[in-house]
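**Q**
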Ligand code: PSU
Ligand code: MN
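Residue numbers (the numbering used here): 3 to 312.
(1) Please list, in chain order, all residues of the same chain as residue 162 whose beta carbon is under 6 Å from its beta carbon, the five residues on each side excluded.
(2) Taking the straight line between their C-alpha atoms, what separation do you get for residue 21 and residue 203?
(3) Quick check: does the Cβ of residue 207 come within less than 7 Å of any heavy atom belonging to ligand 2?
(4) For the alpha helix (DSSP H) that residue 87 lies in, which residues bound it at each end?
(5) Per DSSP, which one or two residues make a beta bridge with residue 19?
(6) Could you check which residue in 77, 168, 245 and 215 has the C-alpha nearest to that of residue 232?
(7) Between which two residues does the alpha helix (DSSP H) holding residue 268 run?
(8) Considering only the beta carbon of each residue, do residue 194 and residue 206 sit closer than 8 Å?
(9) Can you find the residues in the same chain that come closer than 6 Å, C-beta to C-beta, to residue 14, ignoring five residues on each side of it along the sequence?
(10) Taking the alpha-carbon positions, what's the residue 292 to residue 185 distance?
(11) Please determine, among 224, 240, 27 and 175, the residue with the shortest C-alpha to C-alpha distance to residue 66.
(12) Is residue 95 near ligand 1, going by C-beta to nearest heavy atom under 7 Å?
(13) Any chance the region 51-67 sits against the region 92-109, with 3 or more Cβ pairs inside 8 Å?
(14) What distance in whole Å lies between the Cβ atoms of residue 115 and residue 96, which are believed to be in contact at a cut-off of 8 Å?
(15) If you follow the alpha helix (DSSP H) that residue 200 is in, where does it begin and where does it stop?
(16) Restricting to Cα atoms, I'd like to know which of 282, 287 and 267 is closest to residue 137.
(17) Are the CB atoms of residue 135 and residue 166 nearer to each other than 8 Å?
(18) Got a sec: does ligand 2 put a non-hydrogen atom nearer than 7 Å to the Cβ of residue 267?
(19) Tell me residue 65's beta-bridge partners as DSSP assigns them.
(20) Please state whether the Cβ-Cβ distance between residue 238 and residue 173 is less than 8 Å.
(21) Where does residue 208 land, buried or exposed, given buried means 16+ other C-beta within 10 angstroms?
(22) State yes or no: is the C-beta of residue 114 nearer than 7 Å to some heavy atom of ligand 1?
(23) Please state whether DSSP places residue 12 in a helix, a strand or coil.
(24) Can you say whether residue 40 is buried or exposed, counting buried as having 16 or more other CB atoms within 10 angstroms of its CB?
Pasting the structure below:
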């Protein structure tokens with residue numbers, strides 16, 4: 003790290019996003035890990051981003067892709083720079099942001115925790131992802147609990163996801179969200195989804211049926227001094243859901259491979275995702291794209307409701 007010159011810590015809001023925010027128009031933030039090779043194989047990663055961006059624009063909102071480029075944290079990466087993000091391979095969680103910015107990291111792809119942190123700093127209230135991180139199976143020994151959960155509790159941002167990553171301990175993830183005081187609501191359902199599946203077998207405390215429902219809850223939370231965000235759990239569209247037996251067998255195999263290779267921490271997800279893709283003959287990839295696009299649509303409806311209630 004170069005200490006001779008203390009650079010100004012840099013967060014840059016894209017021009018279109020800045021214009022929308024100052025005009026009170028809806029904005030939806032996106033993370034970048036899922037659109038990198040760490041989240042999806044090329045060319046599905048670009049297709050996923052294109053579909054999410056189109057869903058947001060079709061709904062009348064402005065997309066704000068977050069990432070770190072040359073030591074600058076962007077909220078609303080400009081189109082000319084998107085190619086660099088897609089090829090990024092350094093995963094940046096919220097706690098990695100200080101070092102990424104201070105060291106001038108070339109390309110850092112942001113996780114949910116980093117994206118929610120950046121969205122909040124830029125004044126973006128709604129964020130869409132695929133699945134959040136959470137409590138890993140075996141966390142009683144490994145201690146592996148994603149910082150995503152803490153970030154949801156810390157920042158006033160609505161996160162829309164298809165539940166959490168499929169291979170987590172979902173019951174413990176929900177318990178942990180409760181411990182942290184994060185309201186969890188089901189989008190048109192009272193079931194907590196399991197990424198590729200519409201129902202994990204676990205329930206959620208509250209069902210919402212519109213962007214307005216979420217907007218009223220979010221404004222109410224702020225009014226009573228609630229410090230953090232909310233999680234909106236949106237199940238994968240029924241036509242894109244995978245077969246439960248097949249996906250669970252693929253998950254078990256993938257986790258066995260992770261254990262055999264002794265992988266831990268941030269290295270786990272990319273290996274599990276590619277093992278699942280291989281075990282499902284690639285069917286997990288279109289499912290992943292469909293759920294991400296659906297989350298972007300729901301996030302846009304919520305962002306529009308919030309923009310109308312600001
Ligand atoms: N869910 C997926 N694919 C992913 C992720 C989640 O299906 O790539 C990424 C998200 O960016 C999430 C991150 O924030 O993994 C969580 O990583 P960890 O478990 O290391 O905290
Ligand atoms: Mn982790």
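We treat Cβ as the ideally placed atom computed from N, Cα and C, and that holds for glycine.
**A** Looking at the coordinates:
(1) The count along the chain shown starts at 1 and reaches residue 162 at position 160. Answer for residue 162: 130, 234, 236, 297, 300 and 301, listed in chain order.
(2) On the chain shown, position 19 is the one that residue 21 refers to. On the chain shown, position 201 is the one that residue 203 refers to. Looking at the two C-alpha atoms, the distance is approximately 43 Å.
(3) On the chain shown, position 205 is the one that residue 207 refers to. Flag unset: Cβ of residue 207 not near ligand 2.
(4) Along the chain shown, one-based indexing puts residue 87 at 85. The continuous alpha helix (DSSP H) containing residue 87 extends over residues 84-88.
(5) What you label residue 19 is simply residue 17 of the chain shown in a count that begins at 1. Its beta-bridge partners do not exist; DSSP assigns none.
(6) Within the chain shown, the letter at position 230 stands for residue 232. For the options 77, 168, 245 and 215, the alpha carbon positioned closest to that of residue 232 is the one of 215.
(7) Along the chain shown, read from residue 1 onward, the residue named residue 268 stands at position 266. Run containing residue 268: none; DSSP gives neither H nor E here.
(8) Translated into the one-based positions of the chain shown, residue 194 becomes position 192. Translated into the one-based positions of the chain shown, residue 206 becomes position 204. A contact, by the Cβ cut-off of 8 Å.
(9) Here residue 14 refers to the residue found at position 12 of the chain shown. Sequence-distant partners of residue 14 (beyond 5 residues in either direction) whose C-beta falls short of 6 Å from its own C-beta, in its chain, are 74 and 76.
(10) By 1-based counting over the chain shown, the position of residue 292 is 290. By 1-based counting over the chain shown, the position of residue 185 is 183. When only Cα atoms are considered, residue 292 and residue 185 end up about 25 Å apart.
(11) On the chain shown, residue 66 is found 64 positions in, with the first residue counted as 1. The shortest Cα separation from residue 66 among 224, 240, 27 and 175 belongs to 27.
(12) By 1-based counting over the chain shown, the position of residue 95 is 93. Relative to ligand 1, residue 95 has its C-beta within less than 7 Å of a heavy atom.
(13) Note that the region 51-67 does not touch the region 92-109; fewer than 3 beta-carbon pairs, one per stretch, sit closer than 8 Å.
(14) To locate residue 96, count along the chain shown from 1; it is residue 94. To locate residue 115, count along the chain shown from 1; it is residue 113. Taking 8 Å as the upper bound for CB-CB distance, residue 96 and residue 115 are in contact here, some 4 Å apart.
(15) Taking the chain shown and counting its residues from 1, the one referred to as residue 200 is at position 198. No alpha helix (DSSP H) contains residue 200, which is instead part of the beta strand (DSSP E) from 199-205.
(16) Taking the first residue of the chain shown as 1, we reach residue 137 at position 135. Ranking the options by Cα distance to residue 137, first place goes to 267.
(17) In the chain shown, counting from the first residue as 1, residue 135 sits at position 133. In the chain shown, counting from the first residue as 1, residue 166 sits at position 164. Taking a C-beta distance under 8 Å as the contact criterion, residue 135 and residue 166 qualify as a contact pair.
(18) Taking the chain shown and counting its residues from 1, the one referred to as residue 267 is at position 265. True, at least one ligand heavy atom lies under 7 Å from that Cβ.
(19) As a working note, residue 65 is residue 63 in the chain shown. Residue 65 is bridged to 30.
(20) One-based indexing of the chain shown puts residue 238 at position 236. One-based indexing of the chain shown puts residue 173 at position 171. Residue 238 is not a Cβ neighbour of residue 173, given a cutoff of 8 Å.
(21) Sequence index remark: in the chain shown, residue 208 carries index 206 (1-based). With fewer than 16 other Cβ atoms within 10 Å, it is exposed.
(22) Stepping through the chain shown from its first residue, residue 114 is reached at position 112. Because some heavy atom of ligand 1 lies under 7 Å away, the Cβ of residue 114 counts as near it: yes.
(23) Position 10 of the chain shown, counted from the first residue, corresponds to residue 12. Looking at residue 12 - three-state DSSP - the assignment turns out to be strand.
(24) Your numbering for residue 40 matches position 38 in the chain shown. By the 10 Å Cβ count, residue 40 comes out buried.
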